[in-house]
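My numbering numbers the first residue of the sequence shown as 10 and each following residue consecutively.
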Amino acid sequence: MTTLTDRFASEINLINNYLENLIPTEPEIIELKEMAEACRYSLVNPGKRFRALLSLLTARSLEHELNLVVPYAAAVELIHTYSLIHDDLPCMDDDDYRRGQPSHHKVYGEAMAVISGDALQSLAFELIAENYMQMPKLGLKAVNVLAKASGYQGMVGGQGIDLRVSEGLETDQKTVEVLHNLKTGRLIQAAIEGAAILCEASDKDILIFSEFGADLGLAFQVTDDILDHDENNPELMALPKYLGLEKTKDYLNQLTQSAISKIEVFGDQAKDLKFIAEFNLNRLE
Ligand code: GRG
């Protein structure tokens, strides 16, 4: 199967180069050297850059210069990275490894992991403010989308539900879908919607991209649910426990078709986004 890194090598390079140069290894204030190193540790490493790639491919679908959305795409990756650092902490998922290397707190300690995550989150919004000052109305609209998607009405809200479920809150299929939409889906949706906004898409087109993003965001998590499924010990917060594996696969197919049908109006222009939706489905093979 063609990987995202094969097919979109130049787009992923664009993002990686930008992230690589974002936080200096030798900051002007020399006392910040360790802080900068800690922030770089989780940011500059081989994540898939799935969300950032979606921002770039949205710009391409709108026949826009990809560079315009790179700072926004980077901001989304910053938010994603901060969430992973915090999620790995002992008070959350307590994971020792992330992206093939020791998780942040294993290297820098828990307190440093908390503040590195905080710093990356602030930097995300700083990036947008700094780079879209010349187009303040669209910049503010994009900030609004990203802030909402990552805060209590989005990713953090989803994490809140997740915490309560792991403490015994009763759950069902609907709760799991809400959780997936918030915790995983919203940020993926925002990567797409915010890029469409910055590319001056019409309100109608922004809505189309946003709805495509909502379907794809949920589909991304449903694929993870299927890949992680263990028949003998089904996850409480994953759909196969409630739908069974086959029906979860059917549901993933439906979501993928629904996503693709939404961007069909853009024809060939949106072929890369269509590829991504299909790629997510093919991750199962
Ligand atoms: C702690 C504020 C806070 C939020 C945590 C996103 C999240 C919420 C937790 C991460 C754990 C998790 C499994 C979330 C579901 C989203 C997901 C599938 C994340 C992994 O994304 P990938 O596969 O990772 O794109 P890479 O490493 O490729 O970027």
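Beta carbons: idealized from backbone N, C-alpha and C, even for Gly.
- Distances from the alpha-carbon of Leu216 to those of Cys208, Asp224, Ala228, Glu202 put Glu202 closest.
- Of the heavy atoms belonging to the ligand GRG, at least one sits nearer than 7 Å to the Cβ of Met164.
- Only residues of its own chain outside the window of five on either side were considered, and among them Asp224, Leu227, Ala228, Val231 have a CB closer than 7 Å to the CB of Leu264, listed in chain order.
- Note that the segment 159-172 does not touch the segment 44-57; fewer than 3 beta-carbon pairs, one per stretch, sit closer than 8 Å.
- Cβ-Cβ distances below 8 Å link Pro243 to Pro249, Lys250 in the same chain, with the five nearest sequence neighbours on each side left out; the list follows chain order.
- The segment 194-214 and the segment 254-270 do not touch, with fewer than 3 CB-CB distances between them shorter than 8 Å.
- Of all C-beta pairs linking the segment 153-162 to the segment 185-197, three or more are shorter than 8 Å, placing the two stretches in contact.
- The segment 279-287 and the segment 62-77 touch, with no fewer than 3 CB-CB distances between them shorter than 8 Å.
- Annotation for Leu93 indicates a beta carbon within 7 Å of some heavy atom of the ligand GRG.
- For the pair of segments examined, the segment 130-149 was found not to touch the segment 106-114: the number of CB pairs separated by less than 8 Å stays below three.
- Secondary structure remark: continuous alpha helix (DSSP H) runs of at least 4 residues inside the segment 158-207, in chain order: 164-175, 182-189, 195-207.
- Relative to the ligand GRG, His89 has its C-beta within less than 7 Å of a heavy atom.
- Residue pairing for Arg107: DSSP places it in a beta bridge opposite Gln110.
- Nearest Cα to Ile24 within the set Ala84, Met44, Cys48: Ala84.
- In the DSSP annotation of this structure, the continuous segment of the alpha helix (DSSP H) that includes Ala286 starts and ends at 280-291.
- The three-state reading of DSSP puts Thr67 in helix, counting H, G and I together.
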